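So the sequence shown is residues 262 to 555, counted in our numbering. The C-beta atom is built at its ideal place from N, Cα and C for all residues, glycine as well. Keep in mind it's a predicted model, so treat the numbers as computed, not measured. Notes follow the structure.
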Amino acid sequence: MRHIHFILNPIAGSGNNNLDFALLNKHFNPKDFTIVVKPTSYKKHAIKLTQDSIAENANVIVACGGDGTINEVASCLVNSSIILGIIPIGSGNGLASNLNIPKNLDKALALIKKQTVKKIDVGQLNSHYFFSNTGIGFDAQVIKHYETANKRTLSSYVKATLKSLRKSNKLIEVETTLNGEIVKQKPFLIFISNSNQMGYNVSLTPKASLDDGKLDVLIVPKLSVFKIALFTLLMLIKKHHILKEVEIHQTKSIKIIRKKRCLFQTQIDGEFLMIKNNTLEISVLDKALNVIGL
């Protein structure tokens, strides 16, 4: 008897999400599977529900939501034998896109039943895990403004981007240590990715791999207003790398230090996070998560 627990974010994406037991029973015969559905009620609730499911000996725990919900569930499963399943019902669904998980509910459930399991790398920023990406600078500001929007839609993301661009002259100086080289700069963006997708079919690191044991790092220095606008347009067509100022690296670790004020505004898997520390230590854990994908 296989125990599959679904952790459902009812308000992910367009909201009003639910899982019908008739549909679940169609895919998972009650003679062979025990199915449990646990809706979340507040932010970070998925962590508690996942911990409960682990204690209840679940074999597969399925995150039903966007990258934020996936992060909460998957963070509890790092370096364990429990398998992560994903039903992508969020707004961006970056990790699910990289794993080729269909948005169609029937097809996603069929994939979970088939259980083709992959071992993927996990990123770690201080004590926090990330599975898709993390960053400081422009992307963190976009997420910060995006989270204040009433709706998590593509238009809200575009508005958040434009608002962040208007405030992009307020850059902080950091010291980065990357592949043995130490650099001081005021970056427009430092983006660290484990996945080749951000969501909405946007990618800053199209060559990133979930299982190569490395993180892809994109560093964009301080730019003129014209170059920022050009970078944004090129990003939408995945040609931002042609700008000579853009640096692309692969690494197993990166350290970022802020000399003034012990505070970093970051985003982790599309969720804004304030870190009260003057140092960010970011590294990769090789193949530390079992996940269902294609």
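Cut-off 6 Å between Cβ atoms - residues of its own chain near residue i, not counting five sequence neighbours on either side
i	result
G346	V321, V323, I373, I553
E508	I480
Helix, strand or coil at residue i according to DSSP, with G and I counted as helix
i	result
I498	coil
A357	helix
N538	coil
L370	helix
S454	strand
S302	coil
S336	helix
F392	coil
G351	coil
D328	helix
Buried or exposed by the 16-neighbour rule on C-beta atoms within 10 Å, applied to residue i
i	result
A274	The sequence as given places Gly at residue 274; Ala does not occur at that position. The residue is buried, with at least 16 neighbouring Cβ atoms inside 10 Å.
T437	buried
A490	exposed
S464	buried
M229	The shown model of the chain, from 262 to 555, leaves out residue 229, and the question about it has no answer.
P291	exposed
I272	exposed
S342	exposed
I268	buried
T466	buried
L439	buried
I529	buried
Reference residue i; option with closest CA among the options
i	options	result
P482	G398, L534, S341, V545	G398
V564	E408, S342, S454	The requested residue 564 does not occur in the structure, where the chain is confined to residues 262 to 555.
G531	D400, L550, L439	D400
K299	G276, N286, N270	N270
K368	I381, I348, N539	I348
H264	I498, F294, A371	F294
Y371	K287, H406, E506	It should be noted that the sequence gives Ala, not Tyr, for residue 371. Nearest option by C-alpha distance: K287.
H510	V339, F452, S485	F452
A335	I381, K516, G441, K364	I381
E442	S514, K521, K375, I296	S514
N365	K405, V378, G351	G351
Cutoff 7 Å; reference residue i; Cβ partners in own chain excluding five residues on either side
i	result
P499	With the sequence shown as reference, residue 499 is identified as Lys, and Pro is not the correct amino acid for it. If we look at K499 and ignore the five residues flanking it on each side, its Cβ neighbours are S464, P467.
R519	I433, V435, F525, N539
Proximity test, residue i beta-carbon vs the ligand ADP heavy atom, cut-off 6 Å
i	result
N290	In terms of ligand content, the structure shown is empty, and the ligand ADP therefore cannot be addressed.
8 Å Cβ shell around residue i - same chain, five flanking residues per side excluded
i	result
K447	L432, I433, E434, V435, P482, K483
Quick test of the definition: if touching needs 3 or more C-beta pairs under 8 Å, does the segment 390-400 touch the segment 277-290?
no
Kindly confirm or deny that the segment 350-361 and the segment 457-469 touch, where touching means at least three C-beta pairs closer than 8 Å.
yes
With a cut-off of 8 Å, do at least 3 Cβ pairs link the segment 324-338 to the segment 429-440?
no
Check whether the segment 540-552 touches the segment 472-487, taking contact to mean three or more Cβ pairs, one atom from each stretch, closer than 8 Å.
yes
Determine contact between the segment 516-528 and the segment 330-340, defined as no fewer than three beta-carbon pairs at a distance below 8 Å.
no
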